[in-house]
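Heads up: the sequence shown at position 118 corresponds to 118 in UniProt numbering, and the numbers run straight through without jumps.
For glycine and all other residues, C-beta sits at the position ideal for the given N, C-alpha and C.
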Amino acid sequence: MTEGNGSNHGAVPGDAQETESKPETGTAAAAAAPAPGAAELAELRNQLGERTADLQRLQAEYANYRKRVERDRNVAGELAAIKVLSELLPVLDDIGRARDHGELAGGFKSVAESLESIVAKMGLQSFGSKGDPFDPTVHEALLHSYATDVTEPTCVEILQPGYQVGERIIRPARVAVAEPTAEAEGGPEESGEAAGS
1 MTEGNGSNHG AVPGDAQETE SKPETGTAAA AAAPAPGAAE LAELRNQLGE RTADLQRLQA
61 EYANYRKRVE RDRNVAGELA AIKVLSELLP VLDDIGRARD HGELAGGFKS VAESLESIVA
121 KMGLQSFGSK GDPFDPTVHE ALLHSYATDV TEPTCVEILQ PGYQVGERII RPARVAVAEP
181 TAEAEGGPEE SGEAAGS
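In structure tokens form, the structure reads like this:
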């Protein structure tokens, strides 16, 4: 029985050693865990911060992309409308000439009014009237003359109205321009210089 006791006794001390070594390993792991745990936590927080920054950047890029696509879509729609309206300008010119000559009557008159109403809803506006100061950004001078009754270059006749959509000029107004004569501008000194040139 001694052998049995000895083997029991031998088993008990081995178990005790294993039991003692397990708590030491657990204690060592527990003692070592705070340092790597804090480092891991700091690393995870750092990674989380990086991912959050990446996500915010991607969200901002996507929002900018959506705005750009919407803006491009609006510009494409405006350009398409302007292209159609540009093609209708000769028709509108014909309607204007017919109205000026009193030939706009009956069914043609109602069709013309409907067309003018539709293009007005699309934002097309005509511009240019007799007496407007000449502005080369919106007027195209086809005829030029001098007059004593004007003090600055002035549109004295509208040969073809201009058209715009919003601030965009589709076609400049084609006009006859009168400038003040040299005497009207600065008196005899300037007229002498003009004659000498």
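The C-alpha of Glu167 is placed about 21 angstroms away from the C-alpha of Gly131.
Note on geometry: alpha-carbon atoms of His101 and His139 lie some 24 angstroms from one another. Measuring C-alpha to C-alpha distances from Glu116 to each of Gly162, Leu88, Asn74 identifies Leu88 as the nearest. In the three-state scheme derived from DSSP, where H, G and I count as helix and E and B as strand, Ala182 is classed as helix. Judged by DSSP secondary structure, Ala120 falls within the alpha helix (DSSP H) whose first and last residues are 106-121.
Under the three-state reduction of DSSP, Glu43 is assigned to helix.
The beta strand (DSSP E) runs of length 3 or more contained entirely in the segment 127-163 are, from start to end of the chain, 139-147, 154-160. Taking 8 angstroms as the upper bound for CB-CB distance, Ala81 and Ile95 are not in contact here, some 19 angstroms apart.
If you compare the alpha carbons of Leu124, Ala76, Ala63 with that of Arg171, the shortest gap goes to Leu124. In its chain, beyond the 5 residues on either side, Ala141, Glu152, Pro153, Thr154, Cys155, Val175, Val177 have a beta carbon closer than 8 angstroms to the beta carbon of Phe134. Distance from Ile169 to Gly128 at the Cβ level is roughly 11 angstroms; contact not present, criterion being Cβ atoms closer than 8 angstroms. Secondary-structure assignment with DSSP links Arg171 through a beta bridge to Tyr163.
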